[in-house]
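What follows is a short report on a single structure.
Protein chains: 2
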Amino acid sequence: MDNSIYFSKYEKYLKRVEDWLKQNFKVYECPEKVIYESMHYSLMAGGKRIRPVLSLAVAEMLSGDLDTVLPFACAIEMIHNYSLIHDDLPCMDDDDFRRGKPTNHKVFGEAIAVLAGDGLLNMAFETLLKEVARSHENSHLKAKAALLIAEAAGIKGMIGGQVLDMESENKTIGYDRLCDMHRKKTGALIKSSILAPAVLLGASSDTENALKIYADKIGLAFQIKDDILDYEGNSEIVGKPTGSDEKNRKSTFVTLLGMEEAKKLLEATVRQAKKVIEPFNNAEFLIKTAYYIAERDK
Amino acid sequence: MDNSIYFSKYEKYLKRVEDWLKQNFKVYECPEKVIYESMHYSLMAGGKRIRPVLSLAVAEMLSGDLDTVLPFACAIEMIHNYSLIHDDLPCMDDDDFRRGKPTNHKVFGEAIAVLAGDGLLNMAFETLLKEVARSHENSHLKAKAALLIAEAAGIKGMIGGQVLDMESENKTIGYDRLCDMHRKKTGALIKSSILAPAVLLGASSDTENALKIYADKIGLAFQIKDDILDYEGNSEIVGKPTGSDEKNRKSTFVTLLGMEEAKKLLEATVRQAKKVIEPFNNAEFLIKTAYYIAERDK
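So the sequence lines, in the order shown, correspond to chains A and B. To convert, note that position 185 of the first sequence is 186 in our numbering; the numbers rise steadily by one, no gaps. To convert, note that position 166 of the second sequence is 167 in our numbering; the numbers rise steadily by one, no gaps.
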């Protein structure tokens, strides 16, 4: 798949996601309006939307209906955005910028930022439960997909990973611990964005297993690339200050392996992702996405 | 129903709740153990458990199976506890004590307290979705009940109410705005604890409507009593410093109506709750609970 076809497909998925979010999340005139504005500020700030885009791509590869998958894909995006708001708080990473804009608490204050994060997490589950409760048709598959997302976001997934990350600051951790941390902190939610559509569409267990490996590989690739960008990236393109890993004395793939080995591992990981997904019909977009993750400059 | 029968019934419900929580939430040995400990610290700190107790009482009044309702009741208790952890944060109410013990962030630090709150909210939805996904039997009713809880906890319910509360500090607000704030901040989740079992058990719309009014009334009574306790209560019995409303110049039922009128309103509200619920068979516990809410000293 050449670049122009890939990016036009990416744009197509992205537009579906943006349209769904716009239609389903509006700012209301009410005394508590500021919470809507604060959630809107973060949720509508753009970004790559890689998680929901992956969901739609998997759905299309499996010949599924994109409209069925969209609310699940967007719920995952809400969960991702809540986690960014809370991670950026002064008591957590204390970041002032995100995607080239002031972070949520810089604009709305800490209290509203905490509540906006809570609000987005809660809204994700309202979205999922609305889908499950909508009709009897496929409600069991919908419940299973929603549960899979909930578990990925929880303490055995993303939240646990964030704690591992905090516990690892200012100390040297080993490679296995680093992988475990990332598998939970970022990998779990990415994986859920790939597996939820497969569950929703009733895919075979062979298909699910292949997608699990693909998801693990691109999750790992995503994180190795993040670490590389924190060292080599241009902060204006990345949209946030680079060098923060070094400043916070974090163990990363770059500090543990060195830049050269980190890049080799990235390359090998992308190849493995490709290998497991290429037997599928119409896997070109997912293959290209693995490469895109490794080659992106932000 | 005399006091001793009432309290032994309350203890029976309470034990079911405590047992369920103990069985379903354990602290694991793992590098991220601190998040389990922090969630455990707040969730297992006791408290009245009025919400899940109400759920079980409604279930029993409707001759329903308590085991069906328990996970929903406990999910609501998780949501209640997450909201307490986040409300107590320095950037929110900045409270040092809760139920006579140091607040979560005082013990575990702010970052872990934010994540423990997130973890409990997420775990509530994992619990609900596990129930919905468990089997095909009644899964539609389960999904509807879970959605009702999610909406009560979200920005149109509890989170919106918390924002209204913050927006009302240091200014005088009217009676209607005060009621709207409490209906959302505490009323919505209490209401969900009463309605979720009715939905789960497939109650008639007449039953649901009566329970809605009962829930509104005891939610209001609960808040009026809270405001009275903040003025008249013994801080050692209440388990947190009293007089904070005055310190924070909050509009409350006491400041808006005066103590005498606030007490009259409390009495009238409890009578209305009784009136709507007494036509049901076996409503004694719920009637007594309305009175208990008005007479409690903590």
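C-beta atoms are modelled at their ideal positions from N, C-alpha and C, and glycine is treated no differently.
Mind pulling the chain A residues with CB within less than 7 angstroms of B:GLU152? GLU127
Give me the Cβ distance between A:SER252 and A:LEU179, rounded to the nearest whole Å; I'm assuming they're in contact under 8 angstroms. With a Cβ gap of about 6 angstroms, A:SER252 and A:LEU179 count as contacting.
Go ahead and label B:ALA269 buried or exposed: buried means 16 or more other beta carbons lie within 10 angstroms of its beta carbon, across all protein chains shown. exposed
Check the DSSP bridge columns for B:LYS102 and list the partner residues they point to. B:ARG99
Distance CB(A:SER194)-CB(A:LEU55) smaller than 7 angstroms: yes
Run the CB neighbour count on A:GLN24, radius 10 Å, all protein chains shown included, and call it buried at 16 or more, exposed below. exposed
For the structure I just gave you, are there three or more beta carbon pairs, one from the region 113 to 130 of chain B and one from the region 150 to 158 of chain A, closer than 8 angstroms? yes
With distances taken from CA atoms, which of B:ARG100, B:VAL255 and B:LEU266 is nearest B:ASN82? B:ARG100
Looking at C-alpha atoms only, which residue of A:ASN4, A:SER5 and A:ASP66 is the closest neighbour of A:ARG17? A:ASP66
Should A:ASN123 be flagged as near chain B, meaning a C-beta pair shorter than 7 angstroms? Yes, A:ASN123 counts as interfacial toward chain B.
Beta-carbon of B:ASN130 versus every beta-carbon of chain A: anything under 7 angstroms? It is Leu, not Asn, that sits at residue 130 of chain B in the sequence shown. Among the residues facing chain A, B:LEU130 is included, as its CB has a counterpart in that chain under 7 angstroms away.
Is the Cβ-Cβ distance between B:LYS275 and B:ILE294 less than 7 angstroms? no
Counting only the same chain and skipping the five closest in sequence on each side, list residues whose C-beta sits under 7 angstroms from that of B:PRO280. none
Per-residue burial, A:ILE6 [other beta carbons within 10 Å of its own, 16 or more giving buried]: exposed
A:TYR42: buried (16+ other C-beta within 10 angstroms of its C-beta) or exposed? That one is buried.
Nearest to A:LEU196 by alpha carbon, out of A:LYS13, A:LEU63 and A:VAL35? For the residues A:LYS13, A:LEU63 and A:VAL35, the minimum Cα distance to A:LEU196 belongs to A:LEU63.
Could you say if the region 196 to 214 of chain A and the region 139 to 149 of chain A meet the contact criterion of at least three C-beta pairs nearer than 8 angstroms? yes
Between A:MET40 and the rest of its own chain, which residues show a CB-CB distance below 7 angstroms, the 5 nearest in sequence each way excluded? If we look at A:MET40 and ignore the five residues flanking it on each side, its Cβ neighbours are ALA117, GLY120 and LEU121.
Just checking: is the beta-carbon of A:SER56 within a distance shorter than 7 angstroms of some beta-carbon in chain B? no
Between the region 218 to 230 of chain B and the region 252 to 264 of chain B, can you find at least three pairs of beta-carbon atoms closer than 8 angstroms? yes
Are B:ASP94 and B:THR104 closer than 7 angstroms when you measure CB to CB? no
Should A:PHE286 and A:LYS49 be called a contact, given that it needs their Cβ atoms to be closer than 7 angstroms? no
CB B:VAL115 to CB B:ALA211, shorter than 7 angstroms? The answer is no: Cβ separation not under 7 angstroms.
With a 10 Å radius around its C-beta and 16 neighbouring C-beta atoms as the bar for buried, classify B:MET2 as buried or exposed. Counting of Cβ neighbours within 10 angstroms places B:MET2 among the exposed residues, the total staying below 16.
Uninterrupted alpha helix (DSSP H) stretches inside the region 198 to 269 of chain A (no shorter than 4 residues): Listed in chain order, they are 206 to 233, 236 to 239, 245 to 248 and 254 to 258.
Less than 7 angstroms between the beta carbons of B:ALA189 and B:MET167, yes or no? no
Cβ closer than 8 angstroms: which chain A residues qualify as neighbours of B:SER245? Here the premise fails: no neighbours, minimum Cβ distance about 16 angstroms.
On the CB-based measure, 16 or more other CB atoms within 10 Å of its CB, does A:ASN235 come out buried or exposed? The residue is exposed, with fewer than 16 neighbouring Cβ atoms inside 10 Å.
Taking the C-alpha atoms as reference points, what is the distance between A:ARG135 and A:PHE26? 18 angstroms
Of all Cβ atoms in chain B, is any one closer than 7 angstroms to the Cβ of A:ILE160? Taking CB atoms only, A:ILE160 has a neighbour in chain B less than 7 angstroms away.
Per-residue DSSP class, three states only, for B:VAL18: helix
Within the continuous alpha helix (DSSP H) that includes A:GLU152, where are the two ends? It spans 140 to 154 - the alpha helix (DSSP H) in which A:GLU152 sits, taken as one unbroken run.
What in chain B is Cβ-close to A:MET79, meaning under 8 angstroms? Taking a Cβ-Cβ threshold of 8 angstroms, none of the residues of chain B is close to A:MET79; the smallest such distance is about 11 angstroms.
Within 7 angstroms, strictly: CB atoms of B:TYR29 and B:LEU57: no
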